[in-house]
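What follows is a set of notes on a single structure, which appears directly below.
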Amino acid sequence: MNHDSHSSSKPFYHYFFSTDHKVIGLLYTITALVFLLCGFMLMLVMRWQLAFPGSPIPLLGRILSPSLAPNGVMTPNFYNALGAMHGTIMVFLGIVPLGVGGFGNYVLPLQIGAEDMAFPRLNLASYWFFLSGGLLMLSSFILPGGAAQSGWTSYPPLAIINPGQTVWLFAMVLLITSSLLGAINFLVTSLNMRAAGMKLSRLPIFVWAQIVTAFLLLLAFPPLEAASVLQLMDRIAHTSFYLPQGLVILGMRHIASGGGQPLLWQHLFWFLAHPEVYVLLLPAMGIVSEIIANNTRKPIHGYNVIVGSMIAIGLLAFVVWAHHMFISGMSAVLSDFFLVTTMIISVPSVAILTSFVFSLRGGSIRFTTPMLFALAFLPMFGIGGLTGLPLGLTVTDIYLHDTYYIIGHFHYIVVPGSLLALMGGVYYWFPKWFGRKMNDTLGQWHFWTSLICMNGVFFPMFIQGLAGQDRRYYDPMAALHSVPTQPLHVVSSAFAGLLFLSQIPFIYNFFHSIWHGEKTDDNPWQATTLDWACPSPPPHGNFTKPIRVYHGPYEYSPVGHKTDWIAQNEEVLA
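Quick note: numbering that gives the first Met the number 0 has the sequence shown finishing at residue 573, numbered continuously throughout.
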């Protein structure tokens, strides 16, 4: 493979046109982190309105357009736009691209002993579709009509008659195309480009997680892309795929051909969006497995159980989507079916979490910065999973569905769950990326402050939801039953501000360490997988000599060996 175009003598902007999987992985990682910061800042503005409804926004209120915040006070439409864009950015522009595009692109070829991805140019195209979609999504704030105002789920008919949704849909088509190109590349690379001796049974769990994730993306995203095109047609060509007959808006009959089904969008959206939950989780689980095995210095407990459970999740994820629609008037028989499948899919998730916990037993645990993030993932994901069970039961979901309880549940899965694991992955693979180590003191400060603040933000939402406080309300004081729990918004908002401040050490640590961090050797963690068998950072082509695999991925603490680990490519003579 010709890598001359990746010469280090090229200017900085040349990296945006590189087809090297490592460069593309870092582009995905840094871009996704920037988008995460943008989405986080939108949430901070929202939280001000929830904590102090009707009060002028400090500082920002002075510079915002009067159409968005007259006299500095947020309008309901602006609040809706912030909510829709926050959810979209964090999921589709932040966590998924970081876990799949970032870690997957960089680490997967290294762990299977490949020189690059199967289709390097397709890989670069995937990044450009992602970046274009993200920039288009953000640009909607300054375009006529403003940003989308119909939630990150874009439910019709509201999404069809509201302004700003057209740009959202075009951006989603670009982002979905990016994910599809990446999924094809990951599957072909994983199955066809493994090093000699790298059997499927010797693949690291991180690779299995990426394979199942790619399978989910490949099968679940096309329905949403088609659905987005249909919604675009309803908006710009005045079709009625989702618009019903006799729709009345502000007392006036809406002129449309009619006959459409709003529920059709919900089915198509959630057919993607529930597998998307596991797209958020599986890469994080793969990262946690690598960190735990390395820092306990023992083989991961239940390798076959974990891999089998991930495959089971990948299959079951396609038959649980409608538990998001229990309040849509679904028949009782159909509700019961999705109730049962939802309970079943929790079993492999529990099996994976249990295997991680058992992996700690009897281990010589090293409490490194990555290990702290991996350990925190276990109880945080546990809380997110357990609080989701009542939402899978029709009788409790009907009460809880439109309350803050569901926001607390979903955010525990995504933020203290997935995002903590992804942050642990940044600290773990940073020496591989740059040949330098991030500062441990700043890393531990980042970990503890983030963990405390995340719980401070999201745990009060369970209390608010159980008390019946409705989500999506611009003014939580509008409903009398929400008044007693409104002060908890102040608590959540205060912790959200502190959570923002706690990211400053990470941002400084990340960029400072790229050039000034402590230099490390090629394998500072004494890890067994092939990603640590090449130089740090890896050269073009990754490996300096042909790779052959002799062992499984987690040969730690072998009896009678001179060290407490055996690399996968180390030939041990009897």
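Virtual Cβ for every residue (Gly too), placed ideally from N, Cα, C.
With DSSP as the reference, identify every bridge partner of residue i, one or two as the case may be.
| i | result |
| --- | --- |
| residue 570 | Beta-bridge pairing links residue 570 to no other residue. |
| residue 402 | 469 |
| residue 247 | 252 |
| residue 435 | 518 |
| residue 547 | 195 |
| residue 564 | 555 |
Please confirm whether residue i and residue j have their CB atoms less than 8 Å apart.
| i | j | result |
| --- | --- | --- |
| residue 474 | residue 57 | no |
| residue 172 | residue 215 | no |
| residue 105 | residue 21 | yes |
| residue 299 | residue 358 | yes |
| residue 546 | residue 554 | no |
| residue 226 | residue 264 | yes |
| residue 529 | residue 502 | no |
| residue 313 | residue 211 | yes |
| residue 24 | residue 101 | yes |
| residue 385 | residue 352 | no |
| residue 29 | residue 418 | no |
| residue 536 | residue 543 | no |
| residue 387 | residue 297 | no |
| residue 335 | residue 402 | no |
| residue 407 | residue 366 | no |
| residue 317 | residue 274 | yes |
| residue 597 | residue 404 | This structure does not reach residue 597, given that the chain is present from 0 up to 573, and the question cannot be answered. |
| residue 498 | residue 437 | no |
| residue 603 | residue 310 | Nothing in the structure corresponds to residue 603, since the chain is present only between 0 and 573. |
| residue 222 | residue 186 | no |
| residue 350 | residue 288 | no |
| residue 194 | residue 149 | no |
| residue 161 | residue 18 | no |
In or out: residue i buried (at least 16 other Cβ within 10 Å) or exposed?
| i | result |
| --- | --- |
| residue 400 | buried |
| residue 515 | exposed |
| residue 517 | exposed |
| residue 570 | exposed |
| residue 252 | exposed |
| residue 397 | exposed |
| residue 302 | buried |
| residue 190 | exposed |
| residue 480 | exposed |
| residue 244 | exposed |
| residue 126 | buried |
| residue 295 | buried |
| residue 142 | exposed |
| residue 4 | At residue 4 the pLDDT is 39, less than 50, meaning the model places this residue with poor confidence and gives no usable figure here. |
| residue 558 | exposed |
| residue 241 | buried |
| residue 6 | Confidence in residue 6 is poor, its pLDDT being 42 and thus under 50, which makes the residue's placement unreliable; the coordinate value appears in the next sentence. Residue 6 comes out exposed. |
Classify residue i as helix, strand or coil using the three-state DSSP reduction.
| i | result |
| --- | --- |
| residue 46 | helix |
| residue 297 | coil |
| residue 555 | strand |
| residue 139 | coil |
| residue 114 | coil |
| residue 240 | coil |
| residue 396 | helix |
| residue 539 | coil |
| residue 93 | helix |
| residue 361 | coil |
| residue 54 | coil |
| residue 75 | helix |
| residue 525 | coil |
| residue 319 | coil |
| residue 265 | helix |
| residue 146 | coil |
| residue 152 | coil |
| residue 389 | helix |
| residue 340 | helix |
| residue 161 | coil |
Closer than 7 Å: is that where the CB of residue i sits relative to any heavy atom of the ligand ZN?
| i | result |
| --- | --- |
| residue 509 | Of the ligands one can find in the structure shown there are none, so the ligand ZN has no counterpart to examine. |
Below 8 Å, how does it come out for the segment 365 to 378 and the segment 417 to 425: are there three or more Cβ pairs, yes or no? yes
So, do the segment 488 to 497 and the segment 43 to 58 have three or more beta carbon pairs nearer to each other than 8 Å? yes
I want to know whether the segment 401 to 418 touches the segment 331 to 344 - three or more CB-CB distances under 8 Å. no
Inter-stretch contact (C-beta, 8 Å, three-pair minimum) for the segment 200 to 218 and the segment 147 to 163: no
Decide if the segment 171 to 188 is in contact with the segment 241 to 249; the criterion is three or more beta carbon pairs, one per stretch, under 8 Å apart. no
Contact between the segment 73 to 84 and the segment 176 to 183 is defined here as three or more beta-carbon pairs at a separation below 8 Å; is this criterion met? no
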